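Just so you know, we're using the working numbering here: the sequence shown kicks off at 78 and counts up by one. Every residue, glycine too, gets a C-beta built ideally from N, C-alpha and C. Quick caveat: nothing in here was measured; it's all calculated off a predicted structure.
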Amino acid sequence: MTNLRKTHPLMKIINSSFIDLPTPSNISSWWNFGSLLGVCLIVQILTGLFLAMHYTSDTMTAFSSVTHICRDVNYGWLIRYLHANGASMFFICLFLHVGRGLYYGSYMFLETWNIGVLLLFAVMATAFMGYVLPWGQMSFWGATVITNLLSAIPYIGSDLVEWIWGG
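In C-alpha cells form, the structure reads like this:
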C-alpha cells in the first residue's frame, strides 16, 4: 500500500513543504525570526497606512486626531497599539535574527552578511525618520537624543552631530 501523503497531488505539496522538508537536523526556533520579521513588517505597513489616513500635520489638532482614531474609528485603538507595539516587536525580532546569525557564524558568507548590514542600516534610518518626521515636541526630543548618541564617536562625533542638524 502506498503512502497517501506521498502520492496524492495536494498532500504531496504539503508533505514536501512541511513534513519532508530538506533542512538540517540542528535547525531550531532561532530560525523563525526571519519569517517573524516579514509578518511584523506587513503588520507595520498595513497599520501605518490606516493610521496615515487620519494623520494631520497641524499642531493644534494633532492630539485630537489621535483621540479620534482611538474613539471614533472602528478598532482604531487596536490599530494604534498594534502599530506602536509592532515596531518594538519588529526590532526585537531583528536583533534576535542578527544574534542568531552571529551565533551560527553567518558572517562568513560575506555577500549575504553585507546585504544584511545594509538592510539593518536602512531599517534604522527609516525608523529614525518615522520617529522624527511627525512634527512636535516629543519628536524633537527624540531626534536630539538619537543624534547626540553620535557625539560618543571619538574625534568626529560632535562634527557629525552638527552636520546632521544642518550646520
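Quiz item: How is residue 218 classed by DSSP in three states: helix, strand or coil?
Solution: helix
- Item | Of the residues 152, 104, 133 and 138, the one placed nearest residue 124, counting alpha carbons only | 152
Taking a contact to mean a Cβ-Cβ separation below 8 Å, would you say residue 121 touches residue 164 in this structure? yes
Check: What number of angstroms, rounded off, separates the C-alpha of residue 227 from the C-alpha of residue 220?
Finding: Pairing residue 227 with residue 220, the inter-Cα distance amounts to about 11 Å.
Cβ-Cβ distance between residue 184 and residue 176 below 8 Å: no
* Asked: So is residue 233 buried or exposed if we call it buried at 16+ other beta carbons inside 10 Å?
  -> exposed
task: Return the residue from the list 180, 200, 90 and 223 that minimises the CA-CA distance to residue 115.
output: 200
Q. Between the Cα of residue 242 and the Cα atoms of 193, 134, 223 and 172, which residue gives the shortest distance?
A. Taking only the C-alpha atoms, the option nearest residue 242 is 223.
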